[in-house]
Amino acid sequence: MSGLTVPNAIDALWVNVNLATMTDAAPYGAVEDGALVVAGGKIAWVGERSALPSEMESRAARVWDGEGGWITPGLVDCHTHLVYAGTRAREFELRLQGATYEEIARQGGGILSTVSATRQADEEELLRQSTQRLLSLLDQGVTTLEIKSGYGLERDTELRMLRVARRLAEAFPVTVCATFLGAHALPREFEGRADDYIAFLCNDLIPEVAAQGLAEAVDAFCDTIGFTPDQTERVFQAAKRHGLRVKLHAEQLSDQGGAALAAKYGALSVDHLEHLSDAGVQVIAESGTVAVLLPGAYYFLGETKHPPVASLRRAGVPMAVATDCNPGTSPAVSLLLMLNMACTLFRLTPEEALAGVTRHGARALGLHDRIGTLEAGKDADFVVWAISEPAELAYALGANPCRHVVRHGQVVRSGHKTRPMGDSKH
Ligand code: DI6
Ligand code: FE
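Under our numbering, the sequence shown has 379 at position 329, and the numbering climbs by one with no breaks.
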């Protein structure tokens, strides 16, 4: 450890714990019997307990006992539509009676029914309903999430949704990346005039969102019931003009070549991808775009075609995993459950799934320099789990072994002191 500078003020030292650092070093970048040092909200040192510099230990204001569990980076949910009003339980019943998601959407239900409910909800009501979902994610170790607009489809409600996303970040210990998804569906007022709606987004709303600093990125739904690749491209061009990153709901229900289009615009991520072609895999592999897999939507819609995980893996495309938390296709408020589904439904390994909600999730938000792995210099965002091995996080169904959540060095949640799935070591 030559050349190591030890900060004068060490806020905390975590010991009696194993570390899944989630760096490239397989498996899990694991360090058994590790130590993690926090100073000024950052990770100051991480490694084997036996290699911990003695000054780090002597200067620590507080020593925390990890009780033999595991620390992972704080979880990143890189694709959510968490801010909305109402539910779509009735639509769920209709689908179980045989109606398809597309049929319901074409009859004016689906996304548009959430648009009606969200337009009617004032900012406080929207904040209240969204908070409930957020708390459930935070309880399971999420420290960063993305939130999209897209249930307003007109100025005031779109801006309101984005403001609520910002307010959630102020009210709770979580980092929020906000994404403008005005091109989610065509509002009734623009029926038959999709190009006019796209022009309104490009000329009016995207500039205003950018000027108010309400979003970091712009997303669109490029599909048969969404927008065409041409319309999507116009949205991307407007985003570029206003300094916003892009991402895309691509190849969810059909192959529109959306992923390749997004890659051309330097997209942070392309998301869903059930219908992604081999050519599409090659293009995103070359652009460094993250593939975001959303097993909740696949499961909830009863899809049978799954994303080309083997090809993505072979091509070295980073794969993230997220909840897609939304009222229509993935009413999911558990990122841990998505880990399990990514493994059982899409055949990711538990290690890939965990990388999908840490290292690659961070990359999908452009935050990989700050979060996503346990490395000195990164934000001290991490979770202490009551588990015997990291694969337990993907293995358990509906368990929550989260013992402590730490954000920017502070313990912001504690609980669940038992090993809910049993303990192989005792
Ligand atoms: N694809 C989805 O799965 C969500 N949006 C999208 O473009 C669904 C949104 C909804 O049905 O409310
Ligand atoms: Fe989505």
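Backbone N, C-alpha and C define an ideal beta-carbon position, used for all residues, glycine too. Since we're looking at a predicted model, the values are computed, not measured.
| Check | Outcome |
| --- | --- |
| Would the region 436-454 and the region 386-395 be scored as touching if the rule is three or more Cβ pairs under 8 Å? | yes |
| Alpha carbon to alpha carbon, how far is G406 from A309? Give it in angstroms, no decimals. | 18 Å |
| Using a threshold of 7 Å, is the CB atom of N450 nearer than that to any non-hydrogen atom of ligand 2? | no |
| Near L362, which residues of its chain fall below 7 Å by C-beta distance, leaving aside the five closest residues on each side in sequence? | V331, A341, M369 |
| At what residue ranges does the region 277-345 contain a whole run of the beta strand (DSSP E), taking only runs of 3 or more? | 295-300, 319-322, 340-343 |
| Should N68 go down as buried or exposed, given a rule of 16 or more other Cβ atoms within 10 Å for buried? | buried |
| When you get a sec, list the residues whose CB is within less than 6 Å of any heavy atom of ligand 3, chain order please. | You won't find ligand 3 in this model; what it holds is ligand 1 and ligand 2. |
| Going along the chain, which residues of its own chain have a beta-carbon closer than 6 Å to the beta-carbon of L398, five neighbours each way excluded? | A392 |
| Using the rule of at least 16 other Cβ atoms within 10 Å of the residue's Cβ for burial, across every protein chain shown, is P77 buried or exposed? | exposed |
| Work out the CA separation of L102 and A85 for me, nearest whole Å. | 7 Å |
| Please list the terminal residues of the continuous beta strand (DSSP E) segment that includes N68. | 62-70 |
| As a quick exercise: from A436, F432, A441, pick the residue whose alpha carbon is nearest that of V455. | F432 |
| Sorry if obvious, but does the Cβ on T164 come closer than 7 Å to a heavy atom of ligand 1? | yes |
| Given 8 Å as the limit, is there contact between the region 159-168 and the region 231-244, that is, 3 or more CB pairs closer than that? | yes |
| Just checking my contact of Q190 with L385 at CB under 8 Å: how many whole Å lie between their CB atoms? | 6 Å |
| Kindly indicate which three-state DSSP category G84 falls into: helix, strand or coil? | strand |
| Could you say which of F277, Q287, A261, R238 lies nearest to C252 if we only look at CA atoms? | Q287 |
| Alpha carbons only, please: which of M388, I437, D419 is nearest the one belonging to A430? | D419 |
| Within 10 angstroms of its Cβ, does A215 collect 16 or more other Cβ (buried), or is it exposed? | buried |
| Classify L125 as helix, strand or coil using the three-state DSSP reduction. | strand |
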